[in-house]
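Working notes, beginning with the structure itself.
Number of protein chains: 2
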Amino acid sequence: LLDQSRERLVAAHGLKPTIVGVVDSKSAVFSHQGIDTRSLLEAKRSSRGLASLSGSIPSPVNAAELITDTDADCLVQAVPSNLSAPAAAVDQLKAAFVSQKNAVTVTKAPLGVAMSDLIGTAAASRVQFRYSGTVGAGTPFLDLAASLAKSDQIDSVEAILNGTTNFILSSMHDRGMTYAQALAEATKLGYAETDPTNDVDGIDTAVKLVILANHAMNAGRTFSDVKVQGIRSVTAAHVAAAKAAGKAIRLVGRIDARGLRVAPEEVLANGPLDLPGATNAAVFNTTTCGPVVLRGSGAGGPNTATAILRDLVDIWRSTKV
Amino acid sequence: LLDQSRERLVAAHGLKPTIVGVVDSKSAVFSHQGIDTRSLLEAKRSSRGLASLSGSIPSPVNAAELITDTDADCLVQAVPSNLSAPAAAVDQLKAAFVSQKNAVTVTKAPLGVAMSDLIGTAAASRVQFRYSGTVGAGTPFLDLAASLAKSDQIDSVEAILNGTTNFILSSMHDRGMTYAQALAEATKLGYAETDPTNDVDGIDTAVKLVILANHAMNAGRTFSDVKVQGIRSVTAAHVAAAKAAGKAIRLVGRIDARGLRVAPEEVLANGPLDLPGATNAAVFNTTTCGPVVLRGSGAGGPNTATAILRDLVDIWRSTKV
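Line order of the protein sequences matches chains A and B.
Residue numbers for the first sequence follow the working numbering, so the first one is 1 and each next one is one higher.
Residue numbers for the second sequence follow the working numbering, so the first one is 1001 and each next one is one higher.
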């Protein structure tokens, strides 16, 4: 995406990003001159990974230390989101901030446990911190929410923010599958991971709700504040009964005066939350403008890459003044 | 809205706006100390209008001259949108720019005929120009489109941007009314103006398309570039035939490689463009993220006021650095 966008980024924003370092779980590579994206992608696809590049730093690597030591302007963090062990991802971001680097992340866990702290650390270091890819991949739910909150008040939000569970529930609804059959198909198609816990237990939706509530509604919440129920106990009979009543069961996340919660709910067929496949949507109920609905694809590498690039453009524009 | 929002504007943005002058078609009033909003609203509702305020400037007033002479930081323009005589509104904005004032407008006509020129004049004077209330009232269609365009490409847009015609067409569809009956009801409810030309002939939608295309897709278009067909010739029989085929007739605006156009079209029932009443919606088809849909109320004074306030916040934040 970076290579495809180079001309447009220069023309529209005067931005010419250079990758000066990459760290993954096994090794790392740094170059002041910039690292060619093509060689980088080839290396990542090869069996030896980054270690196949000349000058690479062999395992074990200490990511936070390497982030501190580089003279890059901005960290882009895209590591697996692990809510039970978020410390390493939090430390990487803090390492960037205290060494005067801006940061973009698409990793949800650090925001799920320490969002206020991270925003505070970035502000104290006078650097920028963006995370628009953590909710809705490329669909700018956070930007829209912030735009609405600037001059109106968001009283409540109801949202479908997890594509995997929406795919499973809509397969059960549309094709009469059992939960197990639909989960198997989601795994086969690559929507669900081998361990689907994060998705089907509502954890992924809950963390996204936390990020949305903190970003646009100043909620100051963490993951432990969310009441979460997943979809493992939804049966074909539940789905059929809802369907017969003109409704559909969906995993809905809610933010309102009662707090944050995630649970399977019956939503109106053809209503704003009756979405096909892996789509995401949010209904923002505002005081003055009433309901505002945003819908778009909420997953996928290329989509998420557009969020990273958008954040880089925003950081560039707000720091070049 | 300004009075209701004062505390929040200070807390969130450190912004304390003061109204230092008001000009309408009949008179004007200026005060360095600021004009109390309550007295202002009372005066506007009274038979003598602004002239009832002490120190007011009597008719005839030259708005552009008064805008040039005041030492305000920002002009807020909310005058009727008149595409056949847009010069006065254009001149007011230019008067603000060349006298080093930022401007917010919710008046579409100047953008429909001279958007590039106005943006260029503002840029040359190093002042800010915002117009988010011209499309979708309080629903931030322009912000969303700009957010998408930052890192992805908007290949095409299909949109319903006029609440009046959507109300008329959905009344014909849902309640079997004729065009004349539905128009009469829209007028009675205050959706349509006494002269409904701008709405029913597709002119309002066309200007909004121009603003959207220029804002997010760098289209460099004016109103005369749009192929426009309105809804006057849509009959109850057309609507009934579409309904029988599982479709609904809607006034759709399109932006794509073929250009900009507005016409009544059959859209899929329960699809993203089958909207109730006076709602607006847009489908942005992007290269990487696929279709992104935004939907919300597209009309009304209070809604439009939130757009003005949002623009003021944006200008404040981008100029206080």
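We put the beta carbon where it would ideally sit given N, CA and C, even for glycine.
DSSP places A/P302 within a helical segment (H, G or I) once states are collapsed to three. Each residue's CA atom was taken as its position, placing A/K247 and A/D274 some 9 angstroms apart. A/A88 and A/A240 have their C-alpha atoms roughly 44 angstroms apart. Around the beta carbon of A/E42, fewer than 16 other beta carbons lie within 10 angstroms, which makes this residue exposed. Interface criterion not met: the Cβ of B/G1014 is under 8 angstroms from no Cβ in chain A. As for any beta strand (DSSP E) of minimum length 3 sitting wholly inside the stretch 1144 to 1223 of chain B, the runs are 1154 to 1160, ordered along the chain.
In this structure the stretch 1183 to 1192 of chain B does not touch the stretch 1134 to 1146 of chain B; the number of beta carbon pairs closer than 8 angstroms is below three. Take A/L1, set aside five residues on each side of it, and the residues of its chain with a beta-carbon closer than 7 angstroms to its own are P302, A305, T306, L309, in chain order. Cβ atoms of A/L83 and A/A109 come within 8 angstroms of each other, at about 5 angstroms.
Look at A/L268 here: in three-state DSSP terms it is strand.
Distance between B/S1046 and B/I1019, taken at the CA atoms: about 19 angstroms. For B/T1306, a Cβ of chain A is located within less than 8 angstroms of the residue's own Cβ.
Note that the C-beta distance between A/T164 and A/D117 is not below 8 angstroms.
A contact between stretches requires three or more CB pairs, one per stretch, nearer than 8 angstroms, and the stretch 265 to 274 of chain A fails this requirement with the stretch 207 to 223 of chain A.
Judged by DSSP secondary structure, A/T121 falls within the alpha helix (DSSP H) whose first and last residues are 109 to 124. When Cβ-Cβ separations below 8 angstroms define contact, A/T105 makes no contact with chain B. For A/S5, the enclosing alpha helix (DSSP H) starts and ends at 2 to 13. Looking only at B/R1038, B/E1065, B/H1013, B/N1280, the smallest Cα-Cα distance to B/A1028 is reached by B/E1065.
Where B/I1035 is concerned, there is no enclosing alpha helix (DSSP H), because DSSP gives it neither an H nor an E. A direct Cα-to-Cα measurement between B/R1258 and B/G1136 gives close to 24 angstroms. Rounded to whole angstroms, A/Q4 and A/V79 show a C-alpha spacing of 23 angstroms.
Between A/A124 and B/R1008, the alpha-carbon positions lie close to 23 angstroms from each other. DSSP, read as helix, strand or coil, puts A/D225 in helix.
Judged by DSSP in its simplified three-state form, A/Q92 adopts helix. Taking B/D1225 as the centre and dropping the five residues before and after it, the same chain places the C-beta of V1210, G1259, L1260 closer than 8 angstroms to its C-beta, in chain order.
Secondary-structure assignment with DSSP links B/P1291 through a beta bridge to B/N1285.
Annotated three-state conformation of A/T105 is strand, per DSSP. For A/A248, the enclosing beta strand (DSSP E) starts and ends at 247 to 256. Among the CB atoms of chain A, none fall inside 8 angstroms of the CB of B/V1010. It is roughly 29 angstroms from the alpha-carbon of B/K1227 to the alpha-carbon of B/G1176. Within 8 angstroms of the CB of A/S5, the CB atoms of chain B belong to S1151, in sequence order along the chain.
If you look at A/L66, you'll find it in the alpha helix (DSSP H) that goes 63 to 69. C-alpha of A/K150 to C-alpha of A/G138: approximately 21 angstroms in a straight line. Along the stretch 1030 to 1045 of chain B, there is no position whose C-beta sits under 8 angstroms from a C-beta of chain A. The Cβ of A/R130 sits no closer than 8 angstroms to any Cβ of chain B. A direct Cα-Cα distance of roughly 21 angstroms separates B/V1023 from B/A1122.
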